[in-house]
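One structure below.
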Amino acid sequence: MMGTKKSHLVSISVWVFIIHVIYAADYVPADNYLLSCGAAPQTTDSDGRVWNSDIGSKFAPVNDNSLTADASTQDPSVPQVPYMTARIFPSEFTYSIPVGNGRKFLRLHFYPSSYDKLNASSAVFSVSSGPYTLLRNFSVVQTTEALNYAFIVKEFSINVDNGRLNLTFNPSSSTTNAYAFVNGIEVVSMPDIYNTVDGLTTIVGQSSSFIIDNSTALESVYRLNVGGNDISPPNDTGMFRSWSDDSPYIFAAALGVTDAAASNFTVKYPPSIPSYVAPSTVYTTARTMGPTPRVNLNYNLTWVFSVDSGFFYMVRLHFCEFQPEISKINQRVFQIFINNQTAEEAADVIAWTGDKGNSIPTYRNYVVQVFQGEGQQDLWLALHPYTESKSQYYDSILNGVEIFKVNDTKGILAGPNPIPAQIQEVIDPSRGRPSSSSRNSKNQTPIIVGSVVGGIAALCFLCFIVFVLLQRRKHGKDSSASDGPHGWTPIGFFGNSHTSGSAKTATGSYASSLPSNLCRHFSFVEIKAATNDFDESLILGVGGFGKVYRGDIDGGTTKVAIKRGNPLSGQGVHEFETEIELLSKLRHRHLVSLIGYCEENSEMILVYDYMAYGTLREHLYKTNKPPLPWKQRLEICIGAARGLHYLHTGAKHTIIHRDVKTTNILLDEKWVAKVSDFGLSKTGPALDHTHVSTVVKGSFGYLDPEYFRRQQLTDKSDVYSFGVVLFEVLCARPALNAALAKDFKEQVSLAEWALHCQKKGILDQIIDPYLKGKIAPECFKKFAEIAEKCVGDQGIDRPSMGDVLWNLEFALQLQESVEENGGIHDTDTEETPFKGTYGGKKYPNACFDGDVTDSKSSGMTMSIGGRSLASEDSDGLTPSAVFSQIMNPSGR
């Protein structure tokens, strides 16, 4: 009897183990077709996946009039496979792919280039599969131009019940010489994990159920790993989905706190949720509101997504409590709002998982209707503590988001081609976020429950945030993937295909702001034409390396800055190569875009986006330009911080700029700050190293003293330099001022002098006189604190660029809050009590008696790494010195 009972227990244990193994395993797709259209028989992409050619395949008609061709050019951010070849359809064409019945992920890859000398803009076409219209009058060129992508991947989920997936391409009848094309086709089996046949999913704001079953087709629009890094397709759970960082979609400064589970934490998937629903990495990172209830109650943790109007959308939210202190019901209860409607009154993750403690993942589906309108609309997702539950923690949590468009009653999923004026920026960055001013909190107040202004910022001030560095994507991506553009785009239009872990299922690599291909190779003849044969009147700046010209390309429709190395100087070859290698891979709103280069006839020429307002420095001192208002200075600092934060965390490898200074922060025609000049940049240390050992390079006045002493470079070296920039913005004086060496030796270095004044509590006495009385006291305090921390002597004591960014956002919110209450006016309405010549203007009663001159005039030089470096990098340049590398080559 005892033996029988024991055998039964063993049998039960075995079955439990088997069930656990089954549910913990990745999904293995029965169908996994990868077609590289017009390519060689077999090619391998950067993820190691093997693609087969469609030439002579059994999937295409025997006698058709389609063509195959190579792309005329290759954007450096675009992978070779499957984007450099295409099949072109001058008339209707249908692929018929034999597959097993069930749901499939269908991914269509497009790269906008000229094929077989055809006009890329004439590629306007529709794509259908069975009863579903997936794309209609779709223009790859228009879409990539509007969204600033280099290529696009569109992802759909379609059920197949007749053993074949038919895919029809049809050129538009409304466009002259229209044709269709495709570069790559993926058909991957998927489990039916997005159905709502249980009837538990309702339309937000209504009581009626919304059924997604085998008759429903979906388009993946966004897929985000909230609070974590990008997850690339090979690191998904067998379905090769891309998961993106959520930070580009966070509203204003309401960043909350990013959390990560301890390294020994194990996600315990329940039987109802197979592990392939979402990778464990999604459930081991999260974004919460922070530890301060008073702050959390005054704002919503909010994300904003642009979607096509006139459709229903299924929003799947992933949750997992992994913080040790939260393991019981009613410890953290919160509300979920979608489009300003209550989707969940009292969300309690522990209760949802059966009160079995933390570490158990779950998800909730919600359907929202976006009513018909013009173009795209914003879909809002917001979380707020639920106070009526009297829970232990007034907080909220979110681990992942998936958003799918649902076909309409006619089987249509196609939306209109995006128009640039209608597209909201979703690339920070950073990946990143829109600037604080780009989404005015006043205009969005009806959408938000609670005050975003002030309270959100306070969160950043009160909370000490620790960024947990997840292991970076292991797969070898093409340059595009490494750069975060993809990860920061909507899935439906991501950048750099799934190889980059984009946020949308339609992917597209984030490209330059120009409609032409990125980083293209210019002929010397083209460069001469663009600069009117290097007309001296077009010179923006001159330095030891060469000259910078204003130029016009694409028939005079696009202004650019053309940096031409002096062939006789022999300088800058390494910097030239580094700039091309890095900038051709990096795409971010707050990084200067490299358009192309020329290396003919021993020339070293780089072509960039034109920055209409030049450098930040030329707007601070030694200039006749009007002084910048304090709020605008803050926004510029925030933009630059976003660019640097992206370099440190958003790309495949950490990138250390190594030459952060005010002449390397450029301003476009909308005053958007962009970090420039990557000639000295270095890839950061490997995961098992803390630093990069390298010879010291950079600009005096901005150099990290720890890096200088130990020749050990870290991302905190950029933080130090940025701290100097912050003091420079506040005080409007050079980082080094050798003219003060005789009588005011302690004031030569701005970082040392400002730090001394901050510790003495007299920093307000040395700020730019123009700013006197125009900075809110709490804003000044916060700004000074973060600048002080940045220039700490030891890197370990300095904040990350993410922390710097959040504190600057907080400072801006404090300033705006005071201004909105009428407590201060950031305008030039009162006389300053100072005197002397400062910032290019004369003031009475100056704390600096005499002109603030530049160290360049003193002839002061120093030596670093065996090279003599002039300190001229630290003083004011001519206003036209847009590219400081050229202006100050000796400072390298």
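Residues -24 to -1, 1 to 868 in mature numbering (1 follows the signal peptide of the UniProt record, and there is no 0) are what the sequence shown spells out, letter by letter. Ideal Cβ positions, reconstructed from N, Cα and C, are used throughout, including at glycine.
Residue ranges of each beta strand (DSSP E) within the stretch 590 to 655, 3 or longer:
Whole beta strand (DSSP E) segments, 3+ residues: 641 to 643, 649 to 651.
Buried or exposed, going by whether 16 or more other CB atoms sit within 10 Å of the CB of Lys736?
Residue burial annotation: Lys736 is exposed, with fewer than 16 other C-beta atoms found within 10 angstroms of its C-beta.
Considering only C-alpha positions, which residue in the set Ala752, Tyr245, Leu143 is nearest to Leu110?
Closest by alpha carbon: Leu143.
Opposite His85 in the DSSP bridges: which residues?
Listed as beta-bridge partners of His85 by DSSP are Val129, Gly160.
What is the C-beta distance between Ser560 and Leu567, in whole angstroms, given that I count them as a contact (C-beta under 8 Å)?
Not really, about 12 Å apart at Cβ, beyond 8 Å.
For a test of the three-state rule: what should DSSP assign to Leu514, helix, strand or coil?
Shown here, Leu514 sits in a helix according to DSSP, grouped into three states.
Tell me which same chain residues have a C-beta within less than 8 Å of the C-beta of Ser42, skipping the five on either side of it?
Apart from the 5 residues on each side of it in sequence, Ser42 sits with its Cβ closer than 8 Å to the Cβ of Ala36, Arg63, Ile64, Phe65, Pro66, Phe69 in its chain, given in chain order.
Using DSSP with H/G/I as helix, E/B as strand and the rest coil, what is Leu679?
Residue state for Leu679 is assigned as coil, using DSSP reduced to three classes.
Taking the straight line between their C-alpha atoms, what separation do you get for Leu84 and Asp206?
Between Leu84 and Asp206, the C-alpha separation is close to 21 Å.
Would you be able to state if there are at least three C-beta pairs under 8 Å between the stretch 141 to 160 and the stretch 300 to 318?
Short answer: they don't touch.
Given a cut-off of 8 Å, decide if Phe703 and Ala617 are closer than it, judged by their beta-carbon atoms.
Not in contact: Ala617 and Phe703 (Cβ atoms no closer than 8 Å).
Which two residues bound the contiguous beta strand (DSSP E) that contains Val38?
In this chain, Val38 is not harboured by any beta strand (DSSP E), its DSSP state being neither H nor E.
Backbone secondary structure at Arg79 - three-state DSSP
Correct three-state label for Arg79: strand.
Which value, in whole angstroms, describes the spacing of the CA atoms of Gly541 and Leu656?
Rounded to the nearest angstrom, the two C-alpha atoms are 16 Å apart.
Between Val377 and Cys613, what straight-line distance do the alpha-carbon atoms span, to the nearest angstrom?
Their Cα atoms are separated by approximately 30 Å.
What beta strand (DSSP E) runs, 3 residues minimum, are completely inside the stretch 295 to 372?
310 to 314, 317 to 323, 338 to 346, 352 to 361, all fully within the stretch 295 to 372.
Assign Pro392 to one of three DSSP states: helix, strand, or coil.
Three-state result, Pro392: coil.
Per DSSP, what kind of secondary structure is Gly(-22) in: helix, strand or coil?
Confidence is the limiting factor: at Gly(-22) the pLDDT is only 49, short of 50, which leaves the residue's position unreliable and the question unanswerable from this model.
Drop a sphere of 10 angstroms on the beta-carbon of Gly333, count the other beta-carbons inside from all chains shown, and report buried for 16 or more, exposed for fewer.
Gly333 is exposed by the Cβ-count criterion.
Going by DSSP, which residues form a beta bridge with Met290?
The partner list for Met290 (beta bridge, DSSP) reads Val343, Phe380.
Tell me which residues share the same chain as Asp189 and place their Cβ nearer than 7 Å to its Cβ, disregarding the 5 neighbours each side in the sequence.
Cβ within range, chain order: Asn171, Val173.
Quick one: Cα of Pro210 to Cα of Phe216, how far?
Rounded to the nearest angstrom, the two C-alpha atoms are 6 Å apart.
Taking the runs of the beta strand (DSSP E) that are 3 residues or longer, which of them lie wholly in the stretch 227 to 290?
Taking only runs of at least 3 residues, the beta strand (DSSP E) segments lying wholly in the stretch 227 to 290 are 233 to 236, 261 to 264, 277 to 284.
Does the contact criterion of 3 or more C-beta pairs under 8 Å hold for the stretch 222 to 241 versus the stretch 645 to 656?
They do not touch, by the three-pair rule.
Under a three-way DSSP split, which group does Ala47 fall into?
Strand, per DSSP.
Alpha carbon to alpha carbon, how far is Gln770 from Ile336?
Near 40 Å, if we compare the C-alpha coordinates of Ile336 and Gln770.
From Lys130, Ile800, Glu502, pick the residue whose C-alpha is nearest to that of Ile538; which is it?
Ranking Lys130, Ile800, Glu502 by Cα distance to Ile538 puts Glu502 first.
Roughly how many angstroms lie between the CA atoms of Leu562 and Gln182, to the nearest whole one?
Answer to the nearest angstrom: the Cα atoms are 44 Å apart.
Opening and closing residue of the beta strand (DSSP E) in which Ile762 lies
Per DSSP, Ile762 lies in no beta strand (DSSP E); the unbroken alpha helix (DSSP H) holding it starts and ends at 753 to 766.
For a quick check, are the C-beta atoms of Leu359 and Ile326 less than 8 Å apart?
No, they are not a contact pair.
Thr385 by DSSP, collapsed to three states: which one?
In the structure shown, the three-state DSSP call for Thr385 is coil.
Helix or strand or just coil, what does DSSP make of Arg709?
In the structure shown, Arg709 adopts coil according to DSSP, grouped into three states.
Looking at C-beta atoms only, is the number of pairs between the stretch 11 to 24 and the stretch 41 to 57 that lie closer than 8 Å three or more?
The stretch 11 to 24 vs the stretch 41 to 57: in contact.
Tell me whether Asn341 is buried or exposed, calling it buried when 16 or more other Cβ atoms sit within 10 Å of its Cβ.
Taking all protein chains shown into account, Asn341 has 16 or more neighbouring C-beta atoms within 10 Å of its C-beta and is therefore buried.
When the Cα atoms are used, what is the spatial distance from Leu374 to Val648?
Just so you know, the alpha carbons of Leu374 and Val648 end up roughly 31 Å apart.
Cα-Cα, which of Ile128, Gly14, Val705, Glu728 is closest to Leu679?
Cα-wise, what sits closest to Leu679 is Glu728.
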